[in-house]
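Numbering (UniProt numbering), first residue to last: 1 to 617.
Following: one structure in structure tokens, then a few remarks.
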Amino acid sequence: MLPISLMAIALVACNKEWLQPKPLSLYEPGVTLKDPGAFYSTLTACERNMRHEYFGDGAPILTEIMQSEVAVEGTTDKAGPQMDMDVSLLPDAELNNINNTRVGWYFNEGYNGIKYANTVIDNIDNTKFKDEAEKNAILGSAYFHRAYRYFKLVHQFGDVPFVEHVLDHPKDDFISNDRWSILARLKKDLEFAYQWVPDNVDRGRTSKSACGVLLMKVCMALTDFDRAIAVGKEVVAAHPLMKNRFTGNKTKAHTNLMFDLHSVEAKLDMSNTEGLMYVVAYPNAEDPTTSPNDRIQIMRNAVPYWNGGGIKTPDGATGTVSPSPDGTPDSLDLNKTYGRGIGRLRPTWYSTNEIWRSDKEGNDLRGPYNHDSWRRMEDLLYNNPSIKGKSPWYGKHFVKPAAMSVEDTIRLWFPWPHYKTFVPDPLQATWAGGQTPWYIYRSAEVYLMLAECYYWKNDPGSAATAMNEVRTRAGAMPLTAADINIGEILDERARELYYEENRHIELVRIAYTYAKTGKPCEIFGGHIYKLENISGPGGTGSNVKQMGVNFWYDRVVSRSNFYNKGVKHKWAEYKVSVHHILWPIPTAAIVLNPNGVINQNIGYPGAERNVKPLPVE
Numbered sequence: 001m002l003p004i005s006l007m008a009i010a011l012v013a014c015n016k017e018w019l020q021p022k023p024l025s026l027y028e029p030g031v032t033l034k035d036p037g038a039f040y041s042t043l044t045a046c047e048r049n050m051r052h053e054y055f056g057d058g059a060p061i062l063t064e065i066m067q068s069e070v071a072v073e074g075t076t077d078k079a080g081p082q083m084d085m086d087v088s089l090l091p092d093a094e095l096n097n098i099n100n101t102r103v104g105w106y107f108n109e110g111y112n113g114i115k116y117a118n119t120v121i122d123n124i125d126n127t128k129f130k131d132e133a134e135k136n137a138i139l140g141s142a143y144f145h146r147a148y149r150y151f152k153l154v155h156q157f158g159d160v161p162f163v164e165h166v167l168d169h170p171k172d173d174f175i176s177n178d179r180w181s182i183l184a185r186l187k188k189d190l191e192f193a194y195q196w197v198p199d200n201v202d203r204g205r206t207s208k209s210a211c212g213v214l215l216m217k218v219c220m221a222l223t224d225f226d227r228a229i230a231v232g233k234e235v236v237a238a239h240p241l242m243k244n245r246f247t248g249n250k251t252k253a254h255t256n257l258m259f260d261l262h263s264v265e266a267k268l269d270m271s272n273t274e275g276l277m278y279v280v281a282y283p284n285a286e287d288p289t290t291s292p293n294d295r296i297q298i299m300r301n302a303v304p305y306w307n308g309g310g311i312k313t314p315d316g317a318t319g320t321v322s323p324s325p326d327g328t329p330d331s332l333d334l335n336k337t338y339g340r341g342i343g344r345l346r347p348t349w350y351s352t353n354e355i356w357r358s359d360k361e362g363n364d365l366r367g368p369y370n371h372d373s374w375r376r377m378e379d380l381l382y383n384n385p386s387i388k389g390k391s392p393w394y395g396k397h398f399v400k401p402a403a404m405s406v407e408d409t410i411r412l413w414f415p416w417p418h419y420k421t422f423v424p425d426p427l428q429a430t431w432a433g434g435q436t437p438w439y440i441y442r443s444a445e446v447y448l449m450l451a452e453c454y455y456w457k458n459d460p461g462s463a464a465t466a467m468n469e470v471r472t473r474a475g476a477m478p479l480t481a482a483d484i485n486i487g488e489i490l491d492e493r494a495r496e497l498y499y500e501e502n503r504h505i506e507l508v509r510i511a512y513t514y515a516k517t518g519k520p521c522e523i524f525g526g527h528i529y530k531l532e533n534i535s536g537p538g539g540t541g542s543n544v545k546q547m548g549v550n551f552w553y554d555r556v557v558s559r560s561n562f563y564n565k566g567v568k569h570k571w572a573e574y575k576v577s578v579h580h581i582l583w584p585i586p587t588a589a590i591v592l593n594p595n596g597v598i599n600q601n602i603g604y605p606g607a608e609r610n611v612k613p614l615p616v617e
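Structure below.
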């Protein structure tokens with residue numbers, strides 16, 4: 001059943017730890033939502049839900065990144081992780097497990113966020129506010145949060161039930177609604193939110209500019225590029241990029257502007273004009289032993305598994321240890337210098353090499369040519385104290401073994417953007433990534449969205465100008481109109497928005513836009529995509545692996561050096577199919593809805609029972 005039935009959801013915040021909602025009672029609007037503070041406390045549940053997408057071991061955002069050309073699942077020591085999508089992405093598979101996939105998390109928690117937002121929307125007229133502006137700001141924030149979940153759901157799961165009210169009884173007759181009509185409703189709601197929600201808000205709260213970014217995304221999905229451009233220009237005018245160093249890190253060696261921008265200090269700094277929406281976990285504000293998911297754990301997820309015993313010295317000794325014993329020199333304390341990773345998020349050759357060109361990104365602060373920003377395995381030093389005095393390799397740089405296994409090559413040996421992954425974790429013995437605010441939206445993404453809008457409008461000169469705002473800030477060479485195509489735009493997003501953007505969603509949105517507009521795709525020979533059968537033919541043998549059906553599939557398999565390339569290890573082979581553009585609706589949601597029809601996506605078992613989705617009125 002959709003997780004939107006009656007339950008205890010009325011929440012209040014406590015003291016300065018406003019992001020920790022406390023349940024007061026069962027849902028009783030007259031008791032719990034009686035003043036503006038109670039409404040804001042209910043919205044806090046939405047904000048907390050947003051944070052959980054990015055925080056914790058095996059965070060859901062990894063699934064979004066792995067279902068793209070940017071990275072794959074790297075944990076090669078077990079069966080189950082999402083490598084062979086023909087097996088991992090079945091409706092009755094284990095869809096919400098940190099060791100498998102988090103597809104189910106997005107479905108369940110999407111509807112939880114919708115429920116919290118609807119609680120505010122349904123009860124907004126039952127309370128007295130100081131004025132209309134206060135009321136509309138709260139209502140606009142609730143519209144934002146509902147739209148935030150539905151924008152994800154329609155790009156991850158397609159046609160889904162649109163629920164616009166809190167339920168006062170269990171419901172088992174949901175009907176799938178048409179994705180396009182859902183997007184149209186979101187646009188209407190977000191126009192209201194963009195008008196009324198203020199811009200000057202606390203970290204973690206919904207801002208006018210955040211509403212503007214989501215409005216842009218919805219407008220782009222509906223091909224209303226002119227409105228998206230108008231909003232984007234307003235947002236970047238109010239929130240310029242940070243182009244000068246601005247944190248205490250500027251006095252530290254081996255740092256740069258990108259370190260500043262992505263440091264914990266920058267995300268706490270109220271002078272940071274670039275951040276538009278954050279999720280928050282303030283350092284030392286919450287007990288990390290009782291609230292492990294309040295730690296970003298990005299180093300655990302995205303740094304190679306250098307401590308797994310697979311890193312051997314050339315003379316065969318185990319080369320690493322973590323945590324380091326007291327008295328270990330800083331250069332040998334790999335745990336506190338880089339973080340203790342387990343290699344869940346394994347980047348592709350595309351993201352570590354292909355998009356970084358020596359002639360155009362050779363001086364880019366975001367890329368591997370800058371050895372302060374990126375780290376290579378060869379930068380690390382063998383630090384196992386048991387080989388000190390016994391092996392000449394103690395304290396020397398790593399050397400990749402010539403005969404390293406496939407499993408170890410995938411999980412233990414790859415470069416990574418250290419400037420973005422390094423989040424100190426001082427309350428832990430092993431540093432996985434501590435507490436920090438995290439960007440959801442930044443002005444840099446708005447510039448890249450503007451560039452894409454100009455691309456769809458066949459204005460490559462304006463697209464290049466918008467992209468160059470981001471590129472020149474980072475030190476990359478400016479682009480010209482002749483350089484612009486959808487591949488260049490996606491490459492720039494990959495350079496700028498690693499571990500921020502919902503990469504799979506953005507590729508799916510673009511796939512639908514190609515199919516809806518009929519614009520020839522220049523990076524695939526001018527191919528024209530169609531909305532009909534965008535997920536493939538379905539039916540028996542639906543695991544289609546052929547180019548030309550949808551842009552998402554073509555982009556992933558043409559750029560990833562893993563999927564459908566025969567890359568395998570002892571547990572799995574990396575595979576995707578055309579229909580994985582959309583994820584399966586979990587079986588439980590369909591089975592526990594006997595008096596309605598929630599459609600299954602084409603290509604998955606059960607799709608043969610689908611009916612025409614209803615429009616949202």
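Even glycine gets a Cβ: it sits at the ideal position worked out from N, Cα and C.
Taking the alpha-carbon positions, what's the K612 to V597 distance? 10 angstroms
Residue span of the alpha helix (DSSP H) that contains R102, given as start and end: Premise fails: R102 is in no alpha helix (DSSP H) and is neither H nor E.
Could you pull out every residue in the same chain whose Cβ sits closer than 6 angstroms to the Cβ of V154, ignoring the five residues on either side in sequence? R179 and I182
Would you mind working out which of N384, P586, A147 and L365 sits nearest P329, comparing C-alpha positions? N384
Check whether P283 and V264 have beta carbons under 9 angstroms apart: yes
Quick one, are the C-beta atoms of R411 and G343 less than 9 angstroms apart? yes
Own chain residues within Cβ distance below 7 angstroms of H165, not counting five before or after: N118 and D122
Residues bridged to C521 by DSSP? H527
Given F174, which residues of its chain have a CB within under 7 angstroms of its CB, disregarding the five upstream and five downstream residues? L2, P161, N593, G596 and I598
Tell me where the alpha helix (DSSP H) around M299 begins and ends. I298 to A302
For A429, which three-state DSSP category applies? coil
Quick one: what's R442 bridged to in DSSP? G275
Counting pairs of beta carbons, one from the region 183-192 and one from the region 142-157, are three or more of them closer than 8 angstroms? yes
How many whole angstroms separate the CB atoms of V578 and G525, which I take to be in contact at a CB cut-off of 8 angstroms? Actually they are not in contact, since the Cβ atoms of V578 and G525 sit about 18 angstroms apart, beyond 8 angstroms.
DSSP beta-bridge partners of T318: K312
Tell me the start and end of each unbroken alpha helix (DSSP H) in the region 157-208 that is at least 4 residues and wholly inside, in chain order. 179-196
Compute the distance between the beta-carbons of V120 and T63, then report whether it is under 9 angstroms. Their beta carbons are not under 9 angstroms apart, which means V120 does not touch T63 by this criterion.
Going by CA-CA distance only, name the one from K570, W431 and T313 that's closest to S405. K570
Where V591 falls, given that 16 or more other Cβ within 10 Å makes a residue buried: exposed
Which residue or residues does DSSP assign as beta-bridge partners of R346? V72
Within the same chain, show all residues whose beta-carbon is closer than 6 angstroms to that of W349, passing over the 5 residues directly before and after it, in chain order. Closer than 6 angstroms at Cβ, skipping near neighbours: N561.
By how many angstroms is the C-alpha of Y563 removed from the C-alpha of G310? 24 angstroms
Could you say if the region 208-219 and the region 243-255 meet the contact criterion of at least three C-beta pairs nearer than 8 angstroms? no
Given a threshold of 16 other Cβ atoms within 10 Å of its Cβ, counted over all protein chains shown, does T480 qualify as buried or as exposed? exposed
In terms of residues, what are the limits of the alpha helix (DSSP H) holding residue 622? This structure cannot speak to residue 622, because the chain is shown only from 1 to 617.
Buried versus exposed, by CB contacts within 10 Å (16 or more), L531: exposed
If you count every other CB in all the chains shown that lies within 10 Å of the CB of Q546, and 16 or more means buried, which is it? Exposed: under 16 other Cβ atoms inside 10 Å.
Do S322 and P335 have their beta-carbon atoms positioned less than 9 angstroms apart in this structure? In the sequence as presented, Pro is not what sits at residue 335; that position holds Asn. Cβ distance < 9 angstroms, so N335 and S322 count as in contact.
Opposite R375 in the DSSP bridges: which residues? W416
Y111 vs G275 beta-carbon contact at 9 angstroms: The Cβ-Cβ distance between Y111 and G275 does not fall below 9 angstroms.
I need the DSSP call for H579, collapsed to helix, strand or coil. helix
Through-space distance from G113 to residue 618, alpha-carbon basis: The question about residue 618 has no answer here: the residues shown for the chain are numbered 1 through 617.
Of the listed residues M50, L257, E134 and K152, nearest to W583 (C-alpha basis): K152
According to DSSP, is L614 part of a helix, a strand, or is it coil? strand
Under 9 angstroms between C-beta atoms of W416 and E500: no
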